[in-house]
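Below you'll find the structure, written out as structure tokens, and then a few comments.
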Amino acid sequence: MEILLAIIIGVLYAAGIYMILRRSLVKLIIGIILLGNGANLLIFLLGRITEGAPPIIPEDSKVFLEAYADPVPQALILTAIVISFGLQSFAIILVKRAHKVVKTDDLDEMNATDEDS
0 MEILLAIIIG VLYAAGIYMI LRRSLVKLII GIILLGNGAN LLIFLLGRIT EGAPPIIPED
60 SKVFLEAYAD PVPQALILTA IVISFGLQSF AIILVKRAHK VVKTDDLDEM NATDEDS
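What follows is the structure, encoded as structure tokens:
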């Protein structure tokens, strides 16, 4: 399972970098989304996949009796998802506004219109 996740992370990173290097703003946003998802999966994979109980100590004992899932990577991933959602929402609105003003989403054309004014 971990090897499959590592391959998926590599594919997400490669596709994200490829999309970021394109000239379109829409593809740039898609690339950022793919990189963010790849980073979330990487954090999840580094936290080790453990099939276990939630990290709750029973009242009658002082230590964990069985394997438990580490909650820190899960909390980090949830925080990263919320932050990336806000960033993606802002970027989409920014691209929509830029397209409305410049009438293109090509970065080279946007740069050329910026030099003309």
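For the sequence shown, position 117 matches number 116 in numbering that gives the first Met the number 0, and the numbering has no gaps at all. For each residue, glycine too, the CB sits at the ideal point set by N, CA and C.
Taking DSSP as the reference, what is the three-state secondary structure of residue i?
i    : result
D105 : strand
Can you say whether residue i is buried or exposed, counting buried as having 16 or more other CB atoms within 10 angstroms of its CB?
i    : result
N110 : exposed
L20  : exposed
I2   : exposed
M18  : buried
L77  : exposed
L24  : buried
Using 8 Å for Cβ pairs, my map puts residue i next to residue j. What's the rounded Cβ distance?
i    : j   : result
I28  : I91 : 6 Å
L159 : G15 : Any property of residue 159 remains undetermined from this structure, which presents the chain solely from 0 to 116.
G46  : L11 : About 17 Å separates the two Cβ atoms, so there is no contact after all.
Give the range of the alpha helix (DSSP H) segment to which residue i is assigned.
i    : result
M118 : The shown model of the chain, from 0 to 116, leaves out residue 118, and the question about it has no answer.
G35  : 24–45
Completely contained beta strand (DSSP E) runs for the region 56–98, where each covers 3 or more residues: Listed in chain order, there is nothing to give.
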